[in-house]
Amino acid sequence: MIDQAAAARATREVPSIPRDDDGPVFREPWEAQAFAMTLALHERGLFTWPEWAAALAAEIKRAQAAGDPDIGETYYAHWLAALEKLVADKGVTTSHDLHRTRDAWDHACDRTPHGQPIVLRAEDFA
C-alpha cells in the first residue's frame, strides 16, 4: 500500500511522475511497487528528492541515447533502473546481487503456473 501523503510529496518534488487528479498512476502492479519502494527508501533518508530526480533524469537520458522512443511506456522501467543504480551506489546492495536476484525471479516465474504465487527457492539462485 502506498502512503498517500508521501506520494503527494513525491509528485511535487519529481514533476515527471505520471499522475492524474488523484495522484500517481500505474499501468502495472510492479510500477506501484517500485514507486512504493522508492518512497520508503526516501522516507528512511537514503536519498533526497533532488538526488532521486537527478538519478532518474540520468537514467532516462541514458535510455534515450540508447534509442528509447520516450513515449511514456518505459517510464517506470527507467524508474526501476535508476532505483537499482542508486541503491547500489549508496552501498545498500551490489549490482551483482540485484542481477542475481532478478535472474532468480525469472527462473521462479518460468516454473510457476499462471495465476499461482511465485516462490523463490534456493535453486533459483543457481
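Numbering (the working numbering), first residue to last: 1248 to 1373. In this text, a Cβ means the ideal position worked out from N, Cα and C, and glycines have one as well. Computed from a prediction, not measured in an experiment: that's the story for all the values here.
Residue environment analysis places Val1334 among the buried positions, since at least 16 neighbouring C-beta atoms fall within 10 angstroms of its C-beta.
For Pro1271, the pairing in a beta bridge is given by DSSP as Arg1266. A distance below 8 angstroms between beta-carbons, with the five flanking residues on each side excluded, links Lys1337 to the following residues of its chain, in chain order: Leu1293 and Phe1294. Following the DSSP letters along the chain, one finds Leu1303 inside the alpha helix (DSSP H) bounded by residues Trp1296 to Ala1312. Taking C-beta atoms under 8 angstroms as the contact rule, Ala1254 and Leu1286 qualify, at a distance of about 7 angstroms. Glu1290 sits in a helix when the DSSP states are folded into three classes.
Taking 8 angstroms as the cut-off, the Cβ atoms of Trp1296 and Val1272 do not count as close. In the structure shown, Glu1320 adopts coil according to DSSP, grouped into three states.
Around Arg1266, the same chain offers Thr1258 and Val1272 as residues with beta carbons nearer than 7 angstroms, after the five sequence neighbours per side are excluded.
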